[in-house]
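The next block holds one structure in the form of structure tokens; read it before the comments.
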Amino acid sequence: MTVLQSKFGKVIRSKKINVFILFFLLAFIILVLTKLSKEYTNTIVFNITPENTPEEVIVLNDSTHQLKVTLTTYGFKWLSYYLKKPDLSLNFKEDLNKTDDYFIWSKSKGFSGVNEQFDKNTTIKSITPDTLRFKYDTNAIKYIPVKINTDITYSPGYDVLKSIKITPDSIKVIGPKTMLARLEYIETETLTLKNVKTPIQETLNLKVNDIDEKIKLDHTAVNLEVSVERFTEGTINIPVLIVNVPRGIKLKHFPKRVNISYYTSLNVFNTIDETSFKVVCDYKDIKDNASYLTPKLIEQPEQVKSTRLHQKKIEFIITE
1483 MTVLQSKFGK
1493 VIRSKKINVF
1503 ILFFLLAFII
1513 LVLTKLSKEY
1523 TNTIVFNITP
1533 ENTPEEVIVL
1543 NDSTHQLKVT
1553 LTTYGFKWLS
1563 YYLKKPDLSL
1573 NFKEDLNKTD
1583 DYFIWSKSKG
1593 FSGVNEQFDK
1603 NTTIKSITPD
1613 TLRFKYDTNA
1623 IKYIPVKINT
1633 DITYSPGYDV
1643 LKSIKITPDS
1653 IKVIGPKTML
1663 ARLEYIETET
1673 LTLKNVKTPI
1683 QETLNLKVND
1693 IDEKIKLDHT
1703 AVNLEVSVER
1713 FTEGTINIPV
1723 LIVNVPRGIK
1733 LKHFPKRVNI
1743 SYYTSLNVFN
1753 TIDETSFKVV
1763 CDYKDIKDNA
1773 SYLTPKLIEQ
1783 PEQVKSTRLH
1793 QKKIEFIITE
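Okay, structure coming up:
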């Protein structure tokens, strides 16, 4: 019987505690609602948001563009201001005057525009400062080249003959002249591919995080195309031409033909012949009575990726 009485007493006591907490919470809520229902006067700082700015200009906003507004309003409104940083919009077409360098907001002209942004239960007591100056710059248009970043390796026997194609290869940017003057190119994110043997088609994002938000771009990504082809090496025998030989001098040279190794796409390999190359030796390049000429490859097909001239010297003798 004593055990039952003890348990029953605990239950009664716990219920009393729960009732006490409930009444305490209700009293606290009523107190808070009462406080929030009353009017208070205080000063709060509002950040400025430009609105209806002319398209041809960009406002160079900064942290000094704030208004300290003394308000009388209900506690509920003050609570919302403390929970979220408030801002005020200024109508640049109607409430500000434009000079050669600044947009100027004055309390005498722009007070009504500010007052309209508060409800009827809020009274503005004062606004400071009386004047705000917003420096602006004229928007300009510029086309900035795209700089691609790639780290691509190809499988053995595969390579690229044509240059990498990007679309678009330049980006239209709009922003303050002073900022665009410093912008020389826009880089892409790095594309990394290994052991490639098929054509590449990728979309690369531009690195726009480092670009000021006042600058607008018409693209934030570019398309990249790479024509990957099977390659092969060939060797061809080419005649050597001697140029700039003075009048009255005849000479014989050896060898009269040289071998050239070239690396090209398998698709165009059969179109290449000895007329595709030209090797010359310039008599004017002879130094210190040397007995040899240096051959130079002065013409080669666009379809050839690389070449190697096997012969480094051409021997000669003057016969007359």
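Heads up, the sequence shown is in our numbering, so the first residue is 1483 and it goes up one at a time. Backbone N, C-alpha and C define an ideal beta-carbon position, used for all residues, glycine too. Note that this is a predicted model, so its numbers are computed, not measured.
Assigned with DSSP and collapsed to three states, Lys1629 falls in strand. Rounded to whole angstroms, Pro1777 and Glu1715 show a C-alpha spacing of 21 Å. Using a Cβ distance threshold of 8 Å, Val1628 and Tyr1667 count as a contacting pair. Taking the C-beta atoms as reference points, Val1541 is found no nearer than 8 Å to Thr1620. Excluding the 5 residues flanking it on each side, Ser1788 has same chain C-beta neighbours closer than 6 Å at Tyr1745, in chain order.
The shortest C-alpha to C-alpha distance from Asn1705 to any of Val1725, Ile1630, Trp1587 is the one to Ile1630.
Nearest neighbour of Ile1530 by Cα position, chosen from Glu1537, Thr1610, Asp1583, Thr1523, turns out to be Thr1610.
Under the 8 Å Cβ criterion, the segment 1727-1740 counts as touching the segment 1759-1771, having at least three qualifying pairs. Rounded to whole angstroms, Ser1773 and Glu1797 show a C-alpha spacing of 6 Å.
Our two residues, Thr1753 and Ala1622, have alpha carbons roughly 49 Å apart in a direct line.
By the Cβ test, the segment 1652-1663 is in contact with the segment 1696-1703, since at least three Cβ pairs between them sit closer than 8 Å. Shown here, Lys1766 sits in a helix according to DSSP, grouped into three states. In terms of Cβ geometry, Phe1713 and Tyr1625 do not form a close pair [threshold 8 Å]. Looking at the backbone, the Cα of Lys1647 and that of Pro1536 are separated by about 38 Å.
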